[in-house]
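Peer 1:
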Amino acid sequence: MNKLFYKIEGNGLPIMLIHGFTGSHKSFEEISKYLKQFFRVISIDLIGHGKSMISDESYYTFDKSIELILEILDELKINKVNLLGYSLGGRNAMHLATKCQNKINNLILCSASYGLENEIEKKKRTDSDKNLIKLLEKNKIEDFVNYWESIPLWESEKKLSVEKKNKHRNLRLKNNSLGLALNLKYQGQGIQNNLLESLKKIMNRTLIMYGEHDNKYENISKILSKSIRKSKTIMVPESGHNIILENPIFVSREVKDFILGENNDN
Numbered sequence: 004m005n006k007l008f009y010k011i012e013g014n015g016l017p018i019m020l021i022h023g024f025t026g027s028h029k030s031f032e033e034i035s036k037y038l039k040q041f042f043r044v045i046s047i048d049l050i051g052h053g054k055s056m057i058s059d060e061s062y063y064t065f066d067k068s069i070e071l072i073l074e075i076l077d078e079l080k081i082n083k084v085n086l087l088g089y090s091l092g093g094r095n096a097m098h099l100a101t102k103c104q105n106k107i108n109n110l111i112l113c114s115a116s117y118g119l120e121n122e123i124e125k126k127k128r129t130d131s132d133k134n135l136i137k138l139l140e141k142n143k144i145e146d147f148v149n150y151w152e153s154i155p156l157w158e159s160e161k162k163l164s165v166e167k168k169n170k171h172r173n174l175r176l177k178n179n180s181l182g183l184a185l186n187l188k189y190q191g192q193g194i195q196n197n198l199l200e201s202l203k204k205i206m207n208r209t210l211i212m213y214g215e216h217d218n219k220y221e222n223i224s225k226i227l228s229k230s231i232r233k234s235k236t237i238m239v240p241e242s243g244h245n246i247i248l249e250n251p252i253f254v255s256r257e258v259k260d261f262i263l264g265e266n267n268d269n
């Protein structure tokens, strides 16, 4: 039995969806609803999220996380998968691509960072993550979510309907404080290696997406695109960082067209 929870919907070419920090497989409900018409959709809960809560710290490194993802593919007898990762999920997807690109058909990166550029940035981010870990350790999950939702990264989510915001908030609240803290400790951007040089070696067709109002990740996406040879970059309109929540239909259609258009690119 795999240690990561996953849900399968639809039939056809396999696509695996990997959510971001504080999310779960349910973060992709709207996207899965669309994509399952065309693909076999596998939505997972990353380590320490949703139904994949494990207290053993040794499971939280990127290398171990990738092993657990590959175990799902082995369990389902999938030789090659279309892999979509959002934010933290995108960073996991990039790590997987640099380690074993032969397991990936098409790679889709949504609001995903390749890692920080210098030690000063890393130190600043590590210190910030340590403060978040303390917040998780000393307070209720609700207190952490209240703070997390207040940061500027999620500013554009304020325009969403009350119903949609509440549903997304409830997903965050269902996570475990320890699981989130261990993710920050072992998979935070401050501790992540910069993957730019490694990404230059991958030959997978890659779709890179970022939100119209997410200036930071627009720059990151453009740098990513220069490093990944067979890449295409798309700006998602009317969205900030969380493109899978703010404009899921646009994202879904672009993903479908990118994968099914593979033969037309050759």
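Note that the sequence shown ends on residue 269 in the numbering used here; no numbers are left out. The C-beta atom is built at its ideal place from N, Cα and C for all residues, glycine as well.
#1: Given a cut-off of 7 Å, decide if residue 18 and residue 85 are closer than it, judged by their beta-carbon atoms.
#2: Have a look at 219, 215, 263 and flag the residue whose alpha-carbon is nearest the alpha-carbon of residue 2.
#3: In chain order, which continuous runs of the alpha helix (DSSP H) of length 4 or greater are located wholly inside the region 146-212?
#4: Helix, strand or coil for residue 62? Go by DSSP, reduced to three states.
#5: Would you say residue 210 and residue 97 are within 7 Å of each other, going by their C-beta atoms?
#6: Less than 7 Å between CB atoms is the rule here; does residue 181 satisfy it with respect to chain C?
#7: Just checking my contact of residue 73 with residue 88 at CB under 8 Å: how many whole Å lie between their CB atoms?
#8: Return helix, strand or coil for residue 51, following the three-state DSSP convention.
#9: Does residue 256 pass the burial test, meaning 16 or more other C-beta atoms within 10 Å, or should it be called exposed?
#10: Based on the DSSP secondary-structure assignment, which residues constitute the bridge partners of residue 256?
#11: Just mark residue 264 as buried or exposed, buried being the case when its beta carbon has 16 or more other beta carbons within 10 Å.
#12: Can you tell which of 23, 24, 251, 61 has its C-alpha closest to the C-alpha of residue 167?
#13: Kindly list the residues whose CB is nearer than 7 Å to the CB of residue 205, restricted to its own chain and excluding five residues on each side of it in sequence; keep chain order.
#14: Report yes if the CB atom of residue 201 is closer than 7 Å to the CB atom of residue 213, and no otherwise.
#15: What three-state label does DSSP hand residue 87 in the structure shown?
#16: Taking the continuous alpha helix (DSSP H) assigned at residue 220, which residues delimit it?
Peer 2: Taking the structure as given:
#1: Taking the sequence shown and counting its residues from 1, the one referred to as residue 85 is at position 82. Taking the sequence shown and counting its residues from 1, the one referred to as residue 18 is at position 15. Cβ atoms of residue 85 and residue 18: closer than 7 Å.
#2: Since the first and last residues shown for the chain are 4 and 269, residue 2 lies out of range.
#3: The qualifying runs are 165-176, 180-190, 199-202.
#4: Here residue 62 is taken as the residue at index 59 of the sequence shown, counted from 1. In this structure, residue 62 counts as helix in the three-state DSSP scheme.
#5: The sequence position of residue 210 within the sequence shown is 207, counting from 1. The sequence position of residue 97 within the sequence shown is 94, counting from 1. Cβ atoms of residue 210 and residue 97: not closer than 7 Å.
#6: Of the protein chains in the structure, only one exists, and it is not chain C.
#7: For this step, residue 73 is matched to residue 70 along the sequence shown. For this step, residue 88 is matched to residue 85 along the sequence shown. Incorrect: roughly 14 Å between the Cβ atoms, too far for contact.
#8: Numbered from 1 along the sequence shown, position 48 holds the residue referred to as residue 51. Of the three classes helix, strand and coil, the one that applies to residue 51 here is coil, per DSSP.
#9: Against the sequence shown, residue 256 aligns to sequence position 253. Residue 256 is exposed by the Cβ-count criterion.
#10: Numbered from its first residue, the sequence shown carries residue 256 at position 253. Answer is none; residue 256 lacks a bridge partner.
#11: Here residue 264 corresponds to residue number 261 of the sequence shown, with the count starting at 1. Per the 10 Å Cβ criterion, exposed.
#12: Counted from its first residue, the sequence shown places residue 167 at position 164. Comparing Cα-Cα distances from residue 167 to each of 23, 24, 251, 61, the minimum goes to 251.
#13: Your numbering for residue 205 matches position 202 in the sequence shown. Excluding sequence neighbours, residue 205 sits near 100, 101, 104, 231.
#14: As a working mapping, residue 201 is identified with position 198 in the sequence shown. As a working mapping, residue 213 is identified with position 210 in the sequence shown. Contact flag unset, no.
#15: In the sequence shown, counting from the first residue as 1, residue 87 sits at position 84. Residue state, collapsed to three classes: strand.
#16: Along the sequence shown, read from residue 1 onward, the residue named residue 220 stands at position 217. Residue 220 -> alpha helix (DSSP H) spans 218-230.
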